[in-house]
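Visitor: Quick one: the structure is below, and I'll ask about it shortly.
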Amino acid sequence: RKEVEQDPGPFNVPEGATVAFNCTYSNSASQSFFWYRQDCRKEPKLLMSVYSSGNEDGRFTAQLNRASQYISLLIRDSKLSDSATYLCVVDTNAGKSTFGDGTTLTVKP
Amino acid sequence: DVKVTQSSRYLVKRTGEKVFLECVQDMDHENMFWYRQDPGLGLRLIYFSYDVKMKEKGDIPEGYSVSREKKERFSLILESASTNQTSMYLCASSLTVGRGYTFGSGTRLTVV
Chain A
193 RKEVEQDPGP
203 FNVPEGATVA
213 FNCTYSNSAS
223 QSFFWYRQDC
233 RKEPKLLMSV
243 YSSGNEDGRF
253 TAQLNRASQY
263 ISLLIRDSKL
273 SDSATYLCVV
283 DTNAGKSTFG
293 DGTTLTVKP
Chain B
37 DVKVTQSSRY
47 LVKRTGEKVF
57 LECVQDMDHE
67 NMFWYRQDPG
77 LGLRLIYFSY
87 DVKMKEKGDI
97 PEGYSVSREK
107 KERFSLILES
117 ASTNQTSMYL
127 CASSLTVGRG
137 YTFGSGTRLT
147 VV
């Protein structure tokens, strides 16, 4: 079983749709959680950190459920420019990051 | 913004060559990392460093070594390149443990 698991998708949604991605992790000692975005043939870029209280950045909302060991990313009012692969990342308290394999999103006109 | 610069965008090397991949960050970050990314396997940690002259093995260190002589520079060395080391190599840095990474733009290495 992988330490960090994501549904690979692909998710194909129309513009304006709301889409949610989930990610589960196996190490209960994990301390920090992130979502990254990776465009085709580019490097991953930090999208947002994920906090226990949940956090929002414009159309993006991230949630953490420690009891069930999953994190989620919600994208509202999807734009064409949101098309990318979204990577879930989990840090242990030793500072090592484990990346999920990513969920591919395609937003269509 | 933090900038992480990788010396080459594309490299083609021959089997058995010694290969150096250079990475420099300009924001005084303590932590630096080398990953490789392959289709279907995601990002895998090769080596990381939390301080100058310090290095730790990641999940797949075999066939690689690293050097961190200065805080801003973290080099990945392929001692004797093999075709199964053909991959995208990504360098990253972070200010401290628990902060997100900034990645370089990657080096696509092909070993023939």
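Chains as they are written, first to last, in my numbering: chain A, 193 to 301; chain B, 37 to 148. Cβ coordinates follow ideal geometry from the N, Cα and C atoms, glycine included.
Tell me which residues of the segment 131 to 143 of chain B have at least one Cβ-Cβ distance to chain A shorter than 9 Å, keeping chain order.
Guide: For the segment 131 to 143 of chain B, which is checked against every Cβ of chain A, the residues closer than 9 Å are 132, 133, 134, 135, 136, 137, 138, 139, 140, 141 and 142.
Visitor: How many Å lie between residue 113 of chain B and residue 120 of chain B at the Cα?
Guide: Going from the Cα of residue 113 of chain B to the Cα of residue 120 of chain B covers about 15 Å.
Visitor: Mapping DSSP to helix, strand and coil, what is residue 274 of chain A?
Guide: Three-state DSSP puts residue 274 of chain A in a helix.
Visitor: Of the residues A/274, A/289 and A/228, which one's Cα is nearest the Cα of residue 207 of chain A?
Guide: Comparing Cα-Cα distances from residue 207 of chain A to each of A/274, A/289 and A/228, the minimum goes to A/274.
Visitor: Chain A beta carbons: is any one of them nearer than 8 Å to that of residue 79 of chain B?
Guide: Output row for residue 79 of chain B: interface = yes.
Visitor: Beta-carbon of residue 126 of chain B versus every beta-carbon of chain A: anything under 8 Å?
Guide: It does; some Cβ of chain A falls within 8 Å.
Visitor: Taking DSSP as the reference, what is the three-state secondary structure of residue 121 of chain B?
Guide: In the structure shown, residue 121 of chain B sits in a helix (DSSP, three-state: H, G or I).
Visitor: Is the distance from the Cβ of residue 136 of chain B to the Cβ of residue 42 of chain B below 8 Å?
Guide: Against a cut-off of 8 Å, the Cβ pair of residue 42 of chain B and residue 136 of chain B comes out as no contact.
Visitor: By a C-beta neighbour count over all protein chains shown, 10 Å radius and 16 as the cutoff for buried, is residue 84 of chain B buried or exposed?
Guide: Label assigned to residue 84 of chain B: buried.
Visitor: If you draw a straight line from the C-alpha of residue 267 of chain A to the C-alpha of residue 238 of chain A, how long is it?
Guide: Approximately 15 Å, taken between the alpha carbons.
Visitor: Taking only three categories from DSSP, how would you classify residue 80 of chain B?
Guide: In this structure, residue 80 of chain B counts as strand in the three-state DSSP scheme.
Visitor: On the DSSP letters alone, give me the boundaries of the beta strand (DSSP E) that residue 101 of chain B sits inside.
Guide: Residue 101 of chain B -> beta strand (DSSP E) spans 100 to 106.
Visitor: Are residue 103 of chain B and residue 111 of chain B closer than 8 Å when you measure CB to CB?
Guide: Cβ atoms of residue 103 of chain B and residue 111 of chain B: closer than 8 Å.
Visitor: Using the three-state DSSP reduction, which class does residue 68 of chain B fall into: helix, strand or coil?
Guide: Three-state result, residue 68 of chain B: strand.
Visitor: Quick one, which of B/98, B/142 and B/148 has its alpha-carbon nearest residue 73 of chain B's?
Guide: For residue 73 of chain B, the nearest C-alpha among the options comes from B/142.
Visitor: Throw me the rounded Cβ distance for the residue 40 of chain B and residue 128 of chain B pair, which I believe falls under 8 Å.
Guide: With a Cβ gap of about 7 Å, residue 40 of chain B and residue 128 of chain B count as contacting.
Visitor: Hey, out of A/265, A/257 and A/259, whose CA is closest to residue 250 of chain A's CA?
Guide: Residue 250 of chain A has its Cα closest to that of A/265, out of A/265, A/257 and A/259.
Visitor: If you drop the 5 nearest sequence neighbours on each side, which residues of the same chain put their C-beta closer than 6 Å to that of residue 246 of chain A?
Guide: Closer than 6 Å at Cβ, skipping near neighbours: 255.
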